[in-house]
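Have a look at the structure below, then the notes.
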Amino acid sequence: KNKMKILIICAGLGSRLGELTQNNPKCMVKVNNLSILERTISQLLKNKICEDDIILCGGYKHELLPNKFKKVINFEYENTNMMITTILGLEEIKQSNIHENVLVLYGDCLYSMEFIDLLFTKIDNSPEVLIPVDLDWREKWVMRYENIYLDAETLKYNKKNNKLLSIGKKTSIPGDYMGQFMGSYIIPFLKLDKFILAFNNLEINLRKKISTTEFFEITKHLLNYYVIPNTNRWTEIDTPRDLKYAKNLFP
687 KNKMKILIIC AGLGSRLGEL TQNNPKCMVK VNNLSILERT ISQLLKNKIC EDDIILCGGY
747 KHELLPNKFK KVINFEYENT NMMITTILGL EEIKQSNIHE NVLVLYGDCL YSMEFIDLLF
807 TKIDNSPEVL IPVDLDWREK WVMRYENIYL DAETLKYNKK NNKLLSIGKK TSIPGDYMGQ
867 FMGSYIIPFL KLDKFILAFN NLEINLRKKI STTEFFEITK HLLNYYVIPN TNRWTEIDTP
927 RDLKYAKNLF P
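Under this note's numbering, residues 687 to 937 are what the sequence shown spells out, in order.
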């Protein structure tokens, strides 16, 4: 068995999907007969993850998440951002005193099996936080957005050692967009305390509204992030257009 903890972040309202999320958390939306969550969990189980090691970080409609998994609930989901939900999950892992690395996955992202397999080759042997980045993002974003730069965020890294240089900003320079964040990252156990502390040291209003990539940007000198450049299939599902794209990408 692979020994690690998996946090799946599934607290958001998913309001842009309209009636699909009226009675459902977004991770339960079906893509070709399988919900996003079911697909992700089956991929994890194929990689020898135990159900006990999967933690669902819920919020909106959390009572509909499958009960066989441990749940951590952000009851403030309407007034806070994803990082608050993530930290609640990480603190749960820290308190249980289990010395295992953590894989964080966004609950509204679909990934190819090749991508999940790639993550599992990296999880055990990195001393630093690892952030997968999509090098082929432009051809995917073209399918999802009229203007790909409206949603994209800058991401620069050192090509020699893959160290993250900057992330989460907006510029009009195409070269500043070397890749895109993929809604997943790996925190080695030895960096868990430092990661949580860096967040809890932020001013309270910033904690409530900061995005994951903004957090990476303001803590990059403290934590030293490294990227995993790849070209695997994946997509986030925010809009009906994304859902249509996902159904074609993952038939």
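Even glycine gets a Cβ: it sits at the ideal position worked out from N, Cα and C.
Report all residues from its chain with a CB closer than 6 Å to the CB of residue i; omit the five preceding and five following residues, and keep chain order.
i	result
Gly744	Cys696, Ala697, Leu751, Lys757 and Ile759
Leu821	Gly865, Pro915 and Thr917
In three-state terms, what does DSSP make of residue i?
i	result
Lys689	coil
Asn886	helix
Cys979	Limits of the chain in this structure are 687 at one end and 937 at the other, which puts residue 979 out of reach.
Lys902	First, the residue type needs correcting, since residue 902 is Phe and not Lys in the sequence shown. Reduced to three states, the DSSP call for Phe902 is helix.
Phe867	strand
Lys754	coil
Glu764	coil
Thr921	strand
In terms of DSSP beta bridges, what is residue i paired with?
i	result
Pro915	Val819
Gly744	Cys696 and Ile759
Ile872	Leu789 and Leu816
Leu720	Val717
Using C-beta distances below 8 Å, list every residue in its chain close to residue i, excluding the 5 sequence neighbours before and after it, in chain order.
i	result
Asp738	Lys756
Gln729	Tyr797, Met799 and Ile802
Ser897	Asn767, Met768, Met769 and Gly854
Going by beta carbon distance, what residues of the same chain come within less than 7 Å of residue i, once the five residues before and after it are set aside?
i	result
Asn710	Lys747 and Leu750
Ile882	Ile773, Leu776, Glu777 and Lys780
Asp862	Thr840 and Lys842
Met714	Ser721, Leu723 and Leu750
Ser852	Thr840, Lys842 and Glu903
Give a yes or no on whether the C-beta atoms belonging to residue i and residue j are separated by under 9 Å.
i	j	result
Ile802	Met690	no
Tyr871	Leu929	no
Ile694	Ile727	yes
Lys894	Asn765	yes
Ser858	Tyr831	no
Lys926	Leu703	Looking at the sequence itself, residue 926 is Pro, so the reference to Lys does not match. Cβ distance < 9 Å, so Pro926 and Leu703 count as in contact.
Just list the beta strand (DSSP E) runs in the stretch 777-818, keeping only unbroken ones of 3 residues or longer that don't cross its boundaries, in chain order.
Entirely contained in the stretch 777-818, the beta strand (DSSP E) runs reaching 3 residues are, in chain order, 788-792 and 795-797.
Hey, which unbroken runs of the beta strand (DSSP E) at 3 residues or more fall wholly within the stretch 829-865?
Counting only runs of 3 or more, we get 841-843 and 850-853.
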